[in-house]
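Enquirer: For the sequence shown, the numbering used here begins at 32 and goes up steadily by one.
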Amino acid sequence: MINSQSIADLLGFNCHILDDDSKVSLIETPFRFFDGELVPIYTQEISNKIRLFDGGETILYYMQRGLDLTKSQSLRFITNLIEPYGLKLTSDGDLEIYCDVGEIKEAFSNYIAAMSQLKSWEAEQEGVNSDINIFIQEVAMCFLAAFPNEDQYVSPEYLGISGHKYRFDFIHGNKAVFAVTPHHASVSSVLKKMIDLNLSSHITNLKPIIVIDDRDNKKSAENETKILSSVASVYAMTALEKRSNYSGFSN
Numbered sequence: 032m033i034n035s036q037s038i039a040d041l042l043g044f045n046c047h048i049l050d051d052d053s054k055v056s057l058i059e060t061p062f063r064f065f066d067g068e069l070v071p072i073y074t075q076e077i078s079n080k081i082r083l084f085d086g087g088e089t090i091l092y093y094m095q096r097g098l099d100l101t102k103s104q105s106l107r108f109i110t111n112l113i114e115p116y117g118l119k120l121t122s123d124g125d126l127e128i129y130c131d132v133g134e135i136k137e138a139f140s141n142y143i144a145a146m147s148q149l150k151s152w153e154a155e156q157e158g159v160n161s162d163i164n165i166f167i168q169e170v171a172m173c174f175l176a177a178f179p180n181e182d183q184y185v186s187p188e189y190l191g192i193s194g195h196k197y198r199f200d201f202i203h204g205n206k207a208v209f210a211v212t213p214h215h216a217s218v219s220s221v222l223k224k225m226i227d228l229n230l231s232s233h234i235t236n237l238k239p240i241i242v243i244d245d246r247d248n249k250k251s252a253e254n255e256t257k258i259l260s261s262v263a264s265v266y267a268m269t270a271l272e273k274r275s276n277y278s279g280f281s282n
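1) Please report how far the alpha carbon of Lys54 lies from the alpha carbon of Leu69, in whole angstroms.
2) DSSP state of His82, grouped into three classes?
3) Compute the beta-carbon to beta-carbon distance between Ile258 and Val211, rounded to the nearest angstrom, for a pair I have assumed lies under 8 Å.
4) Looking only at its chain, what residues have a beta carbon closer than 8 Å to the beta carbon of Leu230, apart from the 5 residues adjacent to it on each side?
5) Can you grab the Cα-Cα spacing for the pair Asp182 / Ile109, in whole Å?
6) Less than 8 Å between the CB atoms is what I'm expecting for Ala207 and Ile234, so what's the real figure, rounded?
7) Ends of the beta strand (DSSP E) at Gln75?
8) According to DSSP, simplified to helix, strand and coil, what is Lys273?
9) For the beta strand (DSSP E) that contains Leu126, what are its first and last residues?
10) What would DSSP say about Leu49, mapped onto helix, strand or coil?
11) Using the rule of at least 16 other Cβ atoms within 10 Å of the residue's Cβ for burial, across every protein chain shown, is Thr239 buried or exposed?
12) What separation, rounded to the nearest whole angstrom, lies between the Cα atoms of Asn141 and Leu237?
13) For Pro115, which three-state DSSP category applies?
14) In angstroms with no decimal places, state the Cα-to-Cα distance between Val89 and Ala177.
15) Can you tell me which of the three DSSP states Lys224 falls into?
16) Can you tell me the Cα-Cα spacing of Pro213 and Lys196, whole angstroms?
17) Please classify Ala270 as buried or exposed, where buried requires at least 16 other C-beta atoms within 10 Å of its C-beta.
18) Quick check on Thr74: buried or exposed, where buried means 16 or more other Cβ atoms within 10 Å of its Cβ?
19) Counting only runs of 3+ residues fully inside the region 130-155, write out the beta strand (DSSP E) ranges in chain order.
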């Protein structure tokens, strides 16, 4: 049996146990995607094999950034980039590689190399799939208009209970803002982040706010709002636009 301390000793990175029963750990590394999001690396012991995987977070990350990955052909760029390094994309959306305990260093190196290829691809595509970035800018502009006496700045990192670090899309005064589309993957990604952060003690001085884009599909946005409102205050973009001429939110 290999434990998280053994993996930490082998790889030189800290590991955090997430689930004793299924022997799942999170490897704490400094590797990040293009916009600063952490590259997810989990380990799991299965039948004397070690599985390195991302928990489906890579695909969720890209979908939140505006990519439509709902069709199999749209995932081809991922499989083309990772398969030369021995990683597979599962039907559940996980990127994974299996190895024997004695091969974990090589598997870890291949995992990081594959993620580096995805990171390089993302850097090349920056500006091509910019819908979510444009929406974030629109939301930020509305907050500047609604709260002209409050400072707006880039979000620092906040530590979740799982050990993951997250950034909000921006901070405005005491408001920590996420901007999301009503797409299920985008909602799921922010929901996961907020649950993780709400369980920690690092955002006690902030008021988390989620702004959802309801301009194209109001019904879908309303349905997703019911879910998101369980973890943070949620505002529709259409309402925010109307209120941006005055301070309509409570502080």
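Note that CB positions come from ideal geometry on N, CA and C, so glycine has one too.
Expert: Concretely, from the data shown:
1) 22 Å
2) Note on residue identity: the sequence assigns Arg, not His, to residue 82. Looking at Arg82 - three-state DSSP - the assignment turns out to be strand.
3) Contact flag wrong, Cβ pair sits at about 11 Å.
4) Gly191 and Ile192
5) 39 Å
6) 6 Å
7) Tyr73 to Ile77
8) helix
9) Leu126 to Cys130
10) strand
11) Looking at the sequence itself, residue 239 is Pro, so the reference to Thr does not match. Label assigned to Pro239: buried.
12) 39 Å
13) helix
14) Looking at the sequence shown, residue 89 is not Val but Thr. Each residue's alpha carbon lies about 34 Å from the other.
15) helix
16) 24 Å
17) exposed
18) Buried, by the Cβ-count rule.
19) none
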